[in-house]
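A quick write-up on the structure given underneath.
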Amino acid sequence: MERKAPGKRLLSLSVVLMAVWLSGCAGSSSVAEPPRQMLVAVAPGPALNETLAMLLEQGYVVTQADGELGRIDASLARPPGYRLEVRVEPAGASGASVSLQGYRGGRRLPPAVVEPLFVELQGRLAR
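First residue of the sequence shown? That's 1 in our numbering, and the numbers climb one at a time after it.
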């Protein structure tokens, strides 16, 4: 019976482990969920401004806010720490569509993470 040299055995083991690791990466991807979205009976400008004020009050650090684009990017500065993308677009004659999506480590978070923000924003816009 022929025995493999220790170097060849280590190389074979490395190749097998790399193949297992790569197959795990390919199989673990999940279907990305769409951003959480709601329609509001407020014009886009005031909806964007109220969203910005709410995020600042709740401890988010705004990294980008552009009224022309209807966009806010913000990060939660305390644990669990994640990033938000807010988009506000015109919807109908006097309404707006507000969408929120959270990210951690480049991966989308489930819509339930941003649900409390939507509840708060609905209350603020209903005033």
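Note that beta-carbon positions come from the ideal geometry of N, C-alpha and C, so glycine has one too. Only a predicted model underlies this, so the values are computations on that prediction, with no experimental measurement involved.
Checking 7 Å against the spacing of the C-beta atoms, do residue i and residue j come in under that value?
i: Gln37; j: Ser94; result: no
i: Arg124; j: Glu68; result: no
i: Val88; j: Ala53; result: no
i: Ser97; j: Leu55; result: no
i: Leu78; j: Tyr103; result: According to the sequence provided, residue 78 is Arg. The question's Leu does not apply to it. Contact: no.
Reducing DSSP to helix, strand and coil, say where residue i ends up.
i: Arg78; result: coil
i: Leu69; result: coil
i: Val42; result: coil
i: Val62; result: strand
i: Val114; result: coil
i: Ala96; result: strand
i: Arg104; result: strand
i: Ala53; result: helix
i: Arg127; result: coil
i: Ser109; result: Checking the sequence shown, residue 109 turns out to be Leu, not Ser. Residue state, collapsed to three classes: coil.
Just confirm the distance between the C-beta atoms of residue i and residue j, as a whole number of angstroms; I'd bet it's less than 8 Å.
i: Arg71; j: Val86; result: 7 Å
i: Gly92; j: Leu76; result: Going by Cβ atoms, the distance from Gly92 to Leu76 rounds to 31 Å, so no, they are not a contact pair.
What do you get for residue i, buried or exposed, if any count of 16 or more other CB atoms within 10 angstroms of its CB means buried?
i: Gln101; result: buried
i: Val42; result: buried
i: Pro44; result: buried
i: Ala74; result: buried
i: Val114; result: buried
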